[in-house]
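Take the sequence shown: its position 188, counted from the start at 1, is 618 in my numbering, and no numbers get skipped.
Single-structure report; data block below.
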Amino acid sequence: MNKTTLKNGLVYYQSSLVEIDIVIEGSKIIKVGSNLEEGKIMDCTNKLIAPAFIEAHAHFREPGFEYKETIKTGSMAAAKGGYTKVMMMPNLNPAPDTLNKIKKMKEICQKDSLIECYPLATITKKRLGKTLVNFAILKDEVIGFSDDGSGIQNSKIIYDGLSKLKGAKSVMICHCEDLTLVNEGVIRESDYAKLHHHRPINPLSETLEAIRNMEIAYVLNTRIHLCHISSRYTVWAIQQFKKMGCKVSAEVTPHHLICTICDLENDGRFKMNPPLGDEEDQKALFNGVLDGTIDFIATDHAPHSVLEKSGGLDHSLFGIVGLETSFAAMYTYFVKTKKMPLELLLDLMSKKVSDCFPIKDSQIRVGNEASIVIIDLEQKFIVDSSEFLSKGKSSIFEGKTLYGVIEKTISKGEIVYEK
């Protein structure tokens, strides 16, 4: 098999940034050390070499909504963003609620994806929130179950589902949203909503359902994961449940960490679910990342057509894209500003994700698969959604100048993206 040596780069290795070389043979890392030169030499001078990123929350829209995104285009966008593993949310048509449907999705992934994709099964049949899927058959086939796109309103469904997952490797992944408090709102309850006459969303819509879900998981002593946390009240609740010993993990998006309702414009690229919070939410989310209350970064990459995002805040669909800008946004706003160490950011986008799910990690070590991202930290670019590989073009960072260009993404020893 052909060998390649990644040489002269700054490598994130064993939790430290060190100047070492990496030798890849086939799909595996076979050597890590100094003064290595075997096979093809890939000069990485002035570049960062890190474990490839893992995405726990992306919508690739296939089957059913291929005009928004496909597994192929979603994987291309992910590879461009430095990701080699992606968990795919199941708000699809048909909903992946049977073994046969999951197997068909895996076949599409095998055929079309540039990277490793993990289809999630729904928690309930047809994702209607009423009747549980067959957990006994599915729990060994998927790494998680979710009805993401909507919260499950029925507490008994959560209780029975978590009971069936007790001791399983697969995890229940919860979108937390009490619809009685959403009330068809479009943005967070705020002065902005009042001033511009937008229907408001009460932030407790997230927190109350999160508390219910954690309470059930705590009583059952079962793992649970909470999606895209956006409210300071939810952060505080997670802190308390973790102190009690609840087996809960949580994620936050770059846009909820970086933007607030103060940044809103009447444009569909500012409409996502959950909506942007205020500065107190933003502060609590960031502190939650630093102290470990929130476990990792997820993009909630949710592409729609241009038409579906052209109706302003009131009439656009919820969801924005994020895979192609996530690292650069986080690096620009938090690492370059000295608010967060680079090592922590790299863990938040890779190791800490694999710590929460039954996914093989991407860490750089001998014997592991070569899933690696090479980044030019000093190169800057202006976000231009017309250059995205995703079909979705609605980015909250449109026109922003970001640092940290993904130069190459390597999955199982193969270059799947090169600038």
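The beta carbon of each residue, even a glycine, is placed where N, CA and C say it ideally should be.
Of all the options the options, which has the alpha carbon lying nearest to the alpha carbon of residue i?
i: P520; options: K534, T552, L544; result: T552
i: I857; options: E619, P705, E537; result: Here the chain comprises residues numbered 431 to 849, so residue 857 is not present and cannot be evaluated.
i: P684; options: K739, D570, I450, V765; result: V765
i: S576; options: L550, K556, L595; result: L550
i: D693; options: K673, L743, I840; result: L743
i: L832; options: Y763, I789, K458, M506; result: Y763
i: N613; options: R629, M602, A598, V665; result: R629
i: N696; options: L625, I654, W666; result: L625
i: V751; options: N530, I471, F818; result: F818
i: I691; options: C676, G707, K701; result: G707
i: V813; options: N798, K515, G834; result: G834
i: R662; options: C676, T637, T554, I646; result: T637
i: I454; options: H489, I471, F757; result: I471
i: N703; options: F495, C786, F757, S635; result: S635
i: P788; options: I659, T755, K569, I836; result: K569
i: E799; options: N432, M431, I459, S446; result: I459
i: D721; options: I668, R653, G591; result: I668
i: S825; options: S740, I724, C547; result: S740
i: D725; options: S784, F565, H745, L737; result: S784
i: S735; options: N476, F490, C539; result: F490
i: N530; options: E571, I587, Y622, K498; result: E571
i: G843; options: L544, E467, Y497; result: L544
i: I588; options: V563, I567, K599; result: V563
i: T554; options: G597, P771, Q540, F565; result: F565
i: I641; options: V665, K533, E738; result: V665
On the three-state DSSP scale, how would you describe residue i?
i: H605; result: coil
i: A482; result: coil
i: S585; result: helix
i: G834; result: strand
i: Y622; result: helix
i: A598; result: coil
i: E499; result: coil
i: Q444; result: coil
i: G722; result: coil
i: F575; result: strand
i: D708; result: coil
i: H487; result: strand
i: K470; result: strand
i: V563; result: coil
i: T554; result: strand
i: T610; result: helix
For residue i, which residues from the same chain have a beta carbon less than 8 Å from its beta carbon, with the 5 sequence-adjacent residues on both sides left out?
i: N584; result: G559, K560
i: S780; result: A480, P481, A482, F483, I484, D791, S792, Q793
i: R557; result: P520, N521, A525, D527, D577, G579, S580
i: D542; result: T500, I501, K502, S505
Whose C-beta lies closer than 7 Å to the C-beta of residue i among residues of the same chain, with five residues either side of it excluded?
i: S593; result: L650
i: I450; result: V441, Y443, V462, G463, S464
i: C676; result: M644, A647, Y648
i: T434; result: I454, G469, K470, M472
Looking only at its chain, what residues have a beta carbon closer than 6 Å to the beta carbon of residue i, apart from the 5 residues adjacent to it on each side?
i: N632; result: L611, E619
Note the first and the last residue of the continuous alpha helix (DSSP H) segment covering residue i.
i: C539; result: 529 to 542
i: G742; result: 742 to 745
i: T435; result: Element bounds for T435: not the alpha helix (DSSP H) but the beta strand (DSSP E), 433 to 437.
i: Y648; result: 634 to 650
i: E773; result: 772 to 778
i: I668; result: 662 to 674
Taking the beta strand (DSSP E) that residue i belongs to, which residues open and close that run?
i: V803; result: 802 to 812
i: L656; result: 654 to 656
i: V678; result: 678 to 682
i: K790; result: That residue, K790, is in no beta strand (DSSP E); it is neither H nor E in DSSP.
i: I460; result: 458 to 463
i: E546; result: 546 to 549
i: Y513; result: 513 to 518
i: V783; result: Taken as a continuous stretch (DSSP letters only), V783 belongs to no beta strand (DSSP E), being part of the alpha helix (DSSP H) at 781 to 784.
Less than 8 Å between CB atoms is the rule here; does residue i satisfy it with respect to chain B?
i: I587; result: Among the protein chains of the structure shown there is no chain B, as only one such chain exists.
Practice prompt. Would you check if there are 3 or more beta carbon pairs closer than 8 Å linking the segment 711 to 723 to the segment 790 to 806?
Written response: no
Worksheet item: Can we say the segment 666 to 684 touches the segment 807 to 824, given the rule of at least three CB pairs closer than 8 Å?
Response: no
Item to complete: Would you check if the segment 499 to 510 and the segment 815 to 830 touch, i.e. whether three or more CB-CB distances between them fall below 8 Å?
Response: yes
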